[in-house]
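Trainee: Note that the sequence shown ends on residue 332 in the working numbering; no numbers are left out. One structure follows; several queries about it will come next.
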Amino acid sequence: METPLYLDVLLVINYLVTALLLAGMSRLLGTAIPRRRMIGAALLGAVGSLVIFLPFTSFFAMLGYRVLLSAGIVMAALPWEGWVRFLKGWFVFFAVSFFFAGVMLGIWLLFSPSGMVYHGGVVYFNLNPITLLISTAVAYLLLGLIGRLTRGGRVSGTTCKVTVKLSGRRCTLPALIDTGNSLYEPFSGIPVIVCPLDAVASILPPGMATSIRAGDLGGVKQAGVRIRLIPYAALGKTGTLPALRVDELIIRQESALYKAELCYMAVSAEKLGEGGGQAILNPDLIGRKLKTECGVNV
35 METPLYLDVL LVINYLVTAL LLAGMSRLLG TAIPRRRMIG AALLGAVGSL
85 VIFLPFTSFF AMLGYRVLLS AGIVMAALPW EGWVRFLKGW FVFFAVSFFF
135 AGVMLGIWLL FSPSGMVYHG GVVYFNLNPI TLLISTAVAY LLLGLIGRLT
185 RGGRVSGTTC KVTVKLSGRR CTLPALIDTG NSLYEPFSGI PVIVCPLDAV
235 ASILPPGMAT SIRAGDLGGV KQAGVRIRLI PYAALGKTGT LPALRVDELI
285 IRQESALYKA ELCYMAVSAE KLGEGGGQAI LNPDLIGRKL KTECGVNV
């Protein structure tokens, strides 16, 4: 029995699939994708799924189409920073896509589920919305796990300097690269740097420093500041730390510069490290290496 294809379901499913693949690429690259670019690239992937209705019979014609489409999706998602950056993103996007395609092909070949169509790299499920959302969430969590297992870029040494940029303001402070810091924002899986309050008070939203010292974040939340609570356990103590998503984190270790665009900054009212002004850096934040002549001051 042939499975009927509904255009709206096809577009929605492949929009979500493309967004999921881009999220996986973003996690593996350690690079944030702006929301507008994510939406545009996912829409391109959704429109590209209409190829399922075309009578392609040549393997090479389909391969060429998939190569061009994937290149367009990556260019739409990542700001242009040169061919090396583009090719690296393209390679990672292909790797994530092959992983997803292999899983889908395996399900199709082994179980032949009713209501599933897999053709030319395009997947279609005749599923109800709740099942689709649950499946998407599970797949994203699996990609997040893969991202944690495959993150590289850890550098030797224990100390560095970090520059934190938040809402147009920035501050620089010493940091300890602590392999024991495995803190992540629980929903996104983004790694966390823990900073002492006194060192970063100048870049925090109005009233947040006072609220942290008082142990009451209610006023800050009412002001519309989006705070995440990061659970931690250290030296027999457990609790939560308020955290904000930073715009950018630049890490300097000796003459090398690294940039982490996916980062949460947790703020501790207690002093940290030597002299109390040292941040505690999750090693997974040491991601993309920058050229020293790029003009970044740390």
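For each residue, glycine too, the CB sits at the ideal point set by N, CA and C.
Do residue 55 and residue 134 have their C-beta atoms closer together than 8 Å?
Mentor: yes
Trainee: Pop quiz: residue 275 and residue 264 are said to be a contact at Cβ under 8 Å. What is the actual Cβ separation, rounded to whole angstroms?
Mentor: 5 Å
Trainee: Of all the beta strand (DSSP E) runs that stay within the bounds of the region 223-310, which reach a length of 3 or more residues?
Mentor: DSSP runs (the beta strand (DSSP E)) wholly in the region 223-310: 226-230, 262-268, 271-279, 282-287, 290-294 and 298-302.
Trainee: To the nearest angstrom, how far is the alpha carbon of residue 286 from that of residue 210?
Mentor: 12 Å
Trainee: For a test of the three-state rule: what should DSSP assign to residue 63, helix, strand or coil?
Mentor: helix
Trainee: Assuming residue 314 and residue 224 are in contact, meaning their beta carbons sit under 8 Å apart, how far apart are those beta carbons, in whole angstroms?
Mentor: No, residue 314 and residue 224 are not in contact; Cβ-Cβ is about 16 Å, not under 8 Å.
Trainee: Can you check which of these residues, 232, 102 and 237, is closest to residue 247 by C-alpha distance?
Mentor: 232
Trainee: Just to confirm the assignment, what range does the beta strand (DSSP E) spanning residue 314 have?
Mentor: 313-315
Trainee: In the structure shown, what three-state DSSP assignment does residue 47 receive?
Mentor: helix
Trainee: Where does residue 118 land, buried or exposed, given buried means 16+ other C-beta within 10 angstroms?
Mentor: exposed
Trainee: Mapping DSSP to helix, strand and coil, what is residue 52?
Mentor: helix
Trainee: Taking C-beta to C-beta, are residue 277 and residue 303 nearer than 8 Å?
Mentor: Result no, Cβ atoms of residue 277 and residue 303 do not sit closer than 8 Å.
Trainee: Which term fits residue 230, buried or exposed, when burial requires 16 or more other beta carbons within 10 angstroms of its beta carbon?
Mentor: buried
Trainee: So for residue 73, helix, strand or coil by DSSP?
Mentor: helix
Trainee: Candidates 203, 208, 214 and 252: which alpha carbon is nearest residue 235's?
Mentor: 203
Trainee: Taking the beta carbon of residue 83 as the centre, do at least 16 other beta carbons fall within 10 Å, making it buried, or is it exposed?
Mentor: Under this definition residue 83 is a buried residue.
Trainee: Between residue 99 and residue 79, how many whole angstroms is the CB-CB distance? I'm expecting something under 8 Å.
Mentor: Not a contact, Cβ separation roughly 13 Å.
Trainee: Find out if the Cβ-Cβ distance for the pair residue 58, residue 110 is shorter than 8 Å.
Mentor: Here residue 58 is not near residue 110, since their CB atoms are 8 Å or more apart.
Trainee: Got a sec? Which residues, its chain only, sit under 8 Å from residue 216 by beta carbon, not counting five neighbours each side?
Mentor: 316
Trainee: Suppose you measure from the CA of residue 245 to the CA of residue 201; what does that come to, to the nearest Å?
Mentor: 19 Å
Trainee: In the structure shown, what three-state DSSP assignment does residue 210 receive?
Mentor: strand
Trainee: Let me know the secondary structure DSSP gives residue 200 once reduced to three states.
Mentor: strand
Trainee: Can you round the beta-carbon distance between residue 197 and residue 206 to whole angstroms, since I take them to be within the 8 Å contact cut?
Mentor: 5 Å
Trainee: Closest by CA to residue 239, which one among 251, 250 and 259?
Mentor: 259
Trainee: Decide if residue 131 is buried, meaning its Cβ has at least 16 other Cβ atoms within 10 Å, or exposed.
Mentor: buried
Trainee: Kindly give me the distance between the Cβ atoms of residue 208 and residue 192, rounded to whole angstroms, as I take these residues to be in contact under 8 Å.
Mentor: About 11 Å separates the two Cβ atoms, so there is no contact after all.
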